[in-house]
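Participant:
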Amino acid sequence: MELILVNLIDGLVTGLLLFMLSAGLTLIFSMMGVLNFAHASFYMLGAYFAYQISIALGFWMGLLLAPIIVGVLGAGVERYGLRRVHQYGHVPELIFTFGLALLIEELVQFIWGKNQMPYNVPEILNFTAFSIAGNSIPAFKIFMIFVSVGIFVGLLFVLTKTRVGMIIQAALSYPRTVEALGHNVPLIFMGVFGVGTALAGLAGVIAGPVLGTFPGMAFVLGSIVFVTIVIGGLGSLWGALVASLLIGWLTTFAKSYNVRMEDILNGIGFSTPENMGESALRDLWTITSPQIADILPYILMVLILIFRPAGLFGKRHQ
Amino acid sequence: MKKFTKLGAVSALSLIVGASAAFAENIKIGFIDPLSGPFASTGTNGLHQYEFAVDYMVNDKGGVLDGKNFEVIGFDNKTSPKESLIQLQVAIDQGVRYIVQGNSSGVAAAITEAIDKHNRRNPDSRVLFLNYAAVDPSLTNEKCNFWHFRFDANADIKMDALTDVIARDEGIKKVYIIGQDYSFGKSVAEAAVEMLGEKRPDIEVVGNELHPIGKVKDFTPYSRKVISSGADAVITGNWGADMLGIGKSVIENGFEGPIYTYYAAGSGMTAAFGESGKGRIRLIAQGSINPIASEEARDLYNAFLEKYPEGNIDQSRIFNSIGMLARAIEEAGTADDVVAVASKLEGMEYETMWGGTMYMRPQDHQVIQDMYVGVHTDEDVEFDFDSSGFGIVTESVVEMASKDIATTCEMKRP
C-alpha cells in the first residue's frame, strides 16, 4: 500500500518532467507544423549549460540562466535557420531539425567530452524530504514537482488569460488573418520557438542531476517525447499534461510490480502450456511487466492512433 | 604568397608520402567499440588507453621485430553487433590483423563467430580477436575458438571472487541482483545465485531482475523495489550510464548497504558518485591501482596523466593485452602469421606491472590472474579517477582466481 503512494510520487515526477519537454514541442508543432527533432537536444544543452554555470555561480544561477541561454539559442535557430528553410516546405524543415540534433550532440561531445558530468543536486536540496516505509523521497524531487507545476500554471495563464496568449492562439489557427490585423506573426513564431526550447532547457537543468548529464541523454528521451504529444493530441497543452502523467505512471507502475504475462493469460482463461521449453510462444509466456515497461507507451500510441487518431485532446481540423 | 602556398602544398604532400611510408610497416590493431551513443564514454576511454599503451609500451621502446610499430585504429560500432560486423570487414580490408573489442558480450559473440568464419575462408588474411572486456563465460566455453583470447576475467571468475568477499560479511542476509537484459547480465545473475547458494546457503536472494540495456531513463522504480525488498546488499554487473543510473538511484532513494559491482569506476562515474558512494560501492577488477602495484605501473600512470590529465587507467587489462601481444609477436618472429602468434599466446605466463602473473590457459584462451576487490573512497588514494579525489582502494586480493574453473571448450586448432 505504501509502495503505491511512493510510485504515485515517482510517476508524477517522471510525468511532469516529460510534460516540460512535450509542452514546448507541442506548441511549436501546432504553430509551425514542424516536428522539431532537435527538441531533446535543447534539453541536453540546458543540463550542460546549467552544469557549467553551476561550477562558477552555483546551482540557482544555473537554474535561472541556462534556460534563458537555451531559449535565446532556440529563437536564433528559428530566426536564422528554420525561417529560411520554411519556404521549401516541411520535409526540408524536418531534415534541418534532424541535422541540428546530430550537430548539437557532436558539439556537446566536442566541448565536454563523452563522460558523465558530475552535475549534482545542490547541497541545500540534498536531503530526504520524508520517507514512506523505508523509501526516501529526496527533497529535490519535491522541488522538481513544484517547478513543473509552476511552469504549467504559468503557461496556462499566459495562453488563456493574457493578450499575448490570445494572439498566439489566434496565430495558431489563422496566421494570415492575424497578420492582416497588423500583428508580427514571424516574431510570434520566434517567441514560441524560443519559449518552447527554454522549457526544454529548464527540464534539462532540473533533470540533469537526477538522470545524469551525458551526451546520450537527448537520445534516450528523444522518441518518448514524440509519443507523448501524439497521445495527448498535437497542439494541446492539456493533452501534453495528461499524456505525460499517463506515461509517467504507466512506466513506473509497470517497472515496480512484477506482473507476469503468465498470470494475465491464466486470468483470462488460457492455461499454461505443459512443456514451456518447446512452446512457440515461450517468450510471450515468460514476459514480465518491467521488461516491457518502456515499450508500453508505444503500444498506447498505436492504440490511440487506431481509435482516436487526433489524440486524447487533439482537434484535427486541417 | 603564391610561393608560400606552393611550399605548403609540397611539404604537406611530402608529409603524407612520408607518413604513409612509415605506416606501411605498422602492425595495425583495430579497436571496435562504441565511440558514439550512450556508451561512448566507455569506448572512448578504452581507445585512449589503447593508444597510450601501444605508444608507451611498444613504439617508444623501439617497436617489435626490429622497429615495427603498433598502430591502433578506432572503429565506431555504436554497441550494435550488426554495425560491428561491418566495421570488422572494413578493418580487415584496411589490413588489420588484430581486433580488440570489449564493450558488450553480445557484440563479442558476433565478432568471434564472424572471425572464425573469415579465418576459415581466407587463410591469407586471418585475424586474431583480443577480447579485453567482454566477460560472458560462453565466449571461452561453448562459443570458444582458436582466434579468441580473453584478457579479462570472465563473469563467473569475477563472481567467484566477489562472492568470496560477500560470504565473509556476516551482516549480509539478503541480496538483490539487478542487471542489464542481455547475455552478460543473465550470466552474472546465474553465477551469483549459484555461488551464493554454495558459499552461504543462508543468504536469501530477495530480487533477481533484468532491465533493458542503455534505455532506462530513470531507475527510481527499480530502486524502490530494491529498498522494499529489505536487501542488505546489491549485486550488479551494469556498466556505463546504466551503472551510474542504478547506483545513484538506489543511494538517493534510501538504500543503506553496500553495492557490489563489476564496473562502477572511471568514465565520469567515480566523480558523479563522489561522496555519496564512499565506502558503499565495491568493485572487482584485475590489477591494483591504490596502492599501486609496482614502480613501473606508477611511472606509466604518471605518463598517462601527462597525456590525458583528465583520464583514468580503469582498464589495466588493456596494457596487459598489448604487453602479451608484443611478446607473442617477438617470440613468433612474425606479425603476419597470426597462427604462430596465437600459438605463442597460448600458455603464456606474463608478469604484469599491475600485480601478479597472468596465465593464458591454452584449453579455452581465458586468462587466469589475481583479482582485487576495491572500495570507492577518497582516503589513501594516490591515483584518483576523473580528477575527483575519489578512487578505488584495494580491500582484498584473490590470487590466481578460479584457476581450475571448468570449461566446456573444445578448441579446434588450425
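Sequences listed follow chains A and B, in order. Be aware that the first sequence starts at 3, since it is given in this note's numbering, and climbs by one per residue. Be aware that the second sequence starts at 27, since it is given in this note's numbering, and climbs by one per residue. Cβ coordinates follow ideal geometry from the N, Cα and C atoms, glycine included.
So, for threonine 68 of chain B: in the same chain, excluding its five sequence neighbours on each side, which residues have a beta-carbon less than 6 angstroms away from its beta-carbon?
Facilitator: Counting only Cβ-Cβ distances below 6 angstroms, and skipping sequence neighbours, we find Asn129, Gly266 and Ser293.
Participant: Any beta carbon of chain B sitting closer than 8 angstroms to that of serine 258 of chain A?
Facilitator: By this cut-off, serine 258 of chain A is an interface position.
Participant: State the Cα-Cα distance for the pair asparagine 103 of chain B and aspartate 59 of chain B, rounded to the nearest angstrom.
Facilitator: If you take the alpha carbons of asparagine 103 of chain B and aspartate 59 of chain B, they lie about 5 angstroms apart.
Participant: Taking a cut of 8 angstroms between CB atoms, which residues from the stretch 398-411 of chain B lie near chain A?
Facilitator: Residues passing the 8 angstroms Cβ filter: none.
Participant: Can you have a look at proline 64 of chain B and say buried or exposed, based on whether 16 or more other CB atoms are within 10 angstroms of its CB?
Facilitator: By the 10 Å Cβ count, proline 64 of chain B comes out buried.
Participant: Could you check the C-alpha separation between alanine 160 of chain B and alanine 141 of chain A for me, to the nearest Å?
Facilitator: Spanning the two alpha carbons is a distance of roughly 39 angstroms.
Participant: For a contact defined as C-beta to C-beta under 8 angstroms, what are the partners of arginine 250 of chain B on chain A?
Facilitator: Chain A residues near arginine 250 of chain B: Leu5, Val8, Asn9, Asp12, Asn137 and Ser258.
Participant: Checking contacts by CB at 8 angstroms: is threonine 434 of chain B closer than that to chain A?
Facilitator: Not one chain A Cβ lies under 8 angstroms of threonine 434 of chain B.
Participant: Could you round the C-beta distance between leucine 161 of chain A and isoleucine 170 of chain A to whole angstroms and report it? I think they count as a contact, below 8 angstroms.
Facilitator: Sure, about 7 angstroms apart at Cβ, within 8 angstroms.
Participant: Where does alanine 50 of chain B sit, in a helix, a strand or coil, going by DSSP?
Facilitator: Residue confidence for alanine 50 of chain B is low, a pLDDT of 49 falling below 50, so the modelled location carries little weight; the figure read from the coordinates is stated next. DSSP places alanine 50 of chain B in coil when its eight states are reduced to three.
Participant: List, in chain order, every chain B residue whose beta-carbon is nearer than 7 angstroms to that of lysine 116 of chain A.
Facilitator: Those are Ala66, Ser67 and Thr70, listed as they occur along chain B.
Participant: Can you tell me whether leucine 7 of chain A is buried or exposed, with buried defined as 16 or more other CB within 10 angstroms of its CB?
Facilitator: Per the 10 Å Cβ criterion, exposed.
Participant: Is it buried or exposed for glutamine 89 of chain A, if we count other Cβ within 10 angstroms and need 16 for buried?
Facilitator: By the neighbour-count rule (16 or more Cβ atoms within 10 Å), glutamine 89 of chain A is not buried but exposed.
Participant: Assess contact between the stretch 395-409 of chain B and the stretch 311-328 of chain B, defined as three or more Cβ pairs (one per stretch) separated by less than 8 angstroms. Is contact present?
Facilitator: The stretch 395-409 of chain B, when compared against the stretch 311-328 of chain B, does touch it at the 8 angstroms Cβ threshold.
Participant: What are the partner residues of glycine 205 of chain B, as DSSP defines its beta bridges?
Facilitator: The partner list for glycine 205 of chain B (beta bridge, DSSP) reads B:Leu236.
Participant: Quick one: is isoleucine 113 of chain A buried, meaning 16 or more other Cβ sit within 10 Å of its Cβ, or exposed?
Facilitator: Isoleucine 113 of chain A comes out exposed.
Participant: Using CA atoms only, rank isn't needed, just tell me which of A:Tyr45, A:Phe145, A:Phe132 and A:Pro94 is closest to valine 72 of chain A.
Facilitator: Per the Cα distances, A:Tyr45.
Participant: Would the beta-carbon of serine 32 of chain A fall within 8 angstroms of that of alanine 220 of chain A?
Facilitator: Result no, Cβ atoms of serine 32 of chain A and alanine 220 of chain A do not sit closer than 8 angstroms.
Participant: Per DSSP, which one or two residues make a beta bridge with alanine 259 of chain B?
Facilitator: Note: alanine 259 of chain B sits in a beta bridge opposite B:Val201.
Participant: Compute the distance between the beta-carbons of glycine 101 of chain A and valine 232 of chain A, then report whether it is under 8 angstroms.
Facilitator: Cβ distance not < 8 angstroms, so glycine 101 of chain A and valine 232 of chain A don't count as in contact.
Participant: Which residues in the same chain have their Cβ closer than 7 angstroms to the Cβ of alanine 205 of chain A, if we skip the five residues on either side of it in sequence?
Facilitator: Contacts found: Leu19, Met22, Leu23, Tyr45 and Gly48.
Participant: Can isoleucine 30 of chain A and valine 194 of chain A be called in contact, C-beta distance under 8 angstroms?
Facilitator: Against a cut-off of 8 angstroms, the Cβ pair of valine 194 of chain A and isoleucine 30 of chain A comes out as a contact.
Participant: Just to confirm the assignment, what range does the alpha helix (DSSP H) spanning leucine 298 of chain A have?
Facilitator: That run of the alpha helix (DSSP H) goes 298-309.
Participant: Pick helix, strand or coil for serine 428 of chain B, following the three-state DSSP scheme.
Facilitator: Residue state, collapsed to three classes: coil.
Participant: For proline 124 of chain A, collect the residues of the same chain with a Cβ closer than 7 angstroms to its Cβ; drop the 5 residues on either side in sequence, then sort them by chain order.
Facilitator: Phe61.
Participant: For glutamate 377 of chain B versus proline 292 of chain A, is the C-beta spacing smaller than 8 angstroms?
Facilitator: No. Outside cutoff.
Participant: Would threonine 99 of chain A pass as an interface residue toward chain B - the criterion being a Cβ-Cβ separation below 8 angstroms?
Facilitator: Chain B contact via Cβ: absent.
Participant: Span of the alpha helix (DSSP H) holding serine 67 of chain B?
Facilitator: Run containing serine 67 of chain B: 66-83, per the alpha helix (DSSP H) assignment.
Participant: Within the 8 angstroms Cβ cut-off, does alanine 50 of chain B reach chain A?
Facilitator: Caution is warranted here: a pLDDT of 49 is assigned to alanine 50 of chain B, below 50, making its placement in the model unreliable, and the coordinate value is therefore given only provisionally. No, alanine 50 of chain B lies away from the interface with chain A (no Cβ there is under 8 angstroms from its Cβ).
Participant: Three-state secondary structure (DSSP) at lysine 94 of chain B?
Facilitator: In the structure shown, lysine 94 of chain B sits in a strand (DSSP, three-state: E or B).
Participant: Extract the residue ranges of the alpha helix (DSSP H) inside the stretch 393-418 of chain B, only unbroken runs of 4 or more that lie entirely within it.
Facilitator: Taking only runs of at least 4 residues, no alpha helix (DSSP H) segment lies wholly in the stretch 393-418 of chain B.
Participant: Using 8 angstroms as the threshold, is the C-beta distance between isoleucine 431 of chain B and aspartate 207 of chain B below it?
Facilitator: It is not a contact, given that the beta carbons lie outside the stated cut-off.
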